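K.L.:
Here it is, the structure, as structure tokens.
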Amino acid sequence: MKSSDAWYNDGYSFSQVCPDEETFKANAEIYFSYLKTHYNGAFGKPRSEKFSMDTNENWYIIEQKGNLSDYFDDNPSKLYKFYYVRNNTLDNGYFAKGSVWIFEIRYEFDTDSDGYKFKLFIESADSSHNGIYTNYYKMR
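Shown next as structure tokens:
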């Protein structure tokens with residue numbers, strides 16, 4: 025087991041050995057249920073609304089989806105990624121800085137342990153990992 029509070033964008037990371045993909049999916053279902061119970065109407069998947077290449081800004085609309093599979097991706101590994109709102113204060117029609125966070129879980133091969141791990145990442149969604157792009161969000 026490994027954890028760190030030095031992840032991107034004031035985030036947190038956690039990983040531990042995961043015996044199989046079914047265990048990973050069972051964990052994903054539990055987290056999805058938690059989000060539906062505690063963040064209903066305040067989490068989802070972002071859809072691009074507009075962007076500015078001049079200012080490196082992106083504006084998104086977060087849309088809540090009803091199925092866990094709507095949050096699945098397989099790049100760079102099998103993962104589920106959720107955007108959730110911790111503070112509903114608006115600034116010019118979009119959530120204020122620090123309001124939207126990313127909750128991502130992955131099933132990923134780890135070369136150090138020579139096996140698959142369950143990895144969890146939590147970080148602010150305000151900017152890209154390299155800090156070049158600034159992101160703004162509102163809910164659908």
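Positions 25 to 164 (my numbering) are the ones given, in order, by the sequence shown.
A virtual CB, placed ideally from N, CA and C, is assigned to each residue, including glycine.
Note that the structure is predicted; figures quoted are calculated from it, not measured.
Who are the near neighbours of Val-41 in its chain, counting only those whose CB is closer than 7 Å to its CB and skipping five residues on each side?
P.N.:
Ser-137, Gly-139, Lys-141
K.L.:
Do you know offhand how far Pro-70's Cα is from Met-25's?
P.N.:
30 Å
K.L.:
Write down the C-beta distance between Trp-83 and Tyr-160 rounded to the nearest angstrom, noting that I regard them as a contact closer than 8 Å.
P.N.:
5 Å
K.L.:
From Thr-79 to Thr-47, what distance separates their C-alpha atoms?
P.N.:
43 Å
K.L.:
For Glu-128 versus Lys-105, is the C-beta distance shorter than 7 Å?
P.N.:
yes
K.L.:
For a test of the three-state rule: what should DSSP assign to Asp-97, helix, strand or coil?
P.N.:
strand
K.L.:
Note down, one range per segment and in chain order, each beta strand (DSSP E) of at least 3 residues found wholly within the region 51-89.
P.N.:
For secondary structure counted as the beta strand (DSSP E) over 3 or more consecutive residues, the region 51-89 holds these complete runs in sequence order: 67-76, 81-87.
K.L.:
Under 8 Å Cβ to Cβ from Leu-114, same chain only, skipping five residues before and after it: list those, please.
P.N.:
Ala-120, Lys-162
K.L.:
How big is the Cα-Cα spacing for Tyr-58 and Met-77?
P.N.:
37 Å
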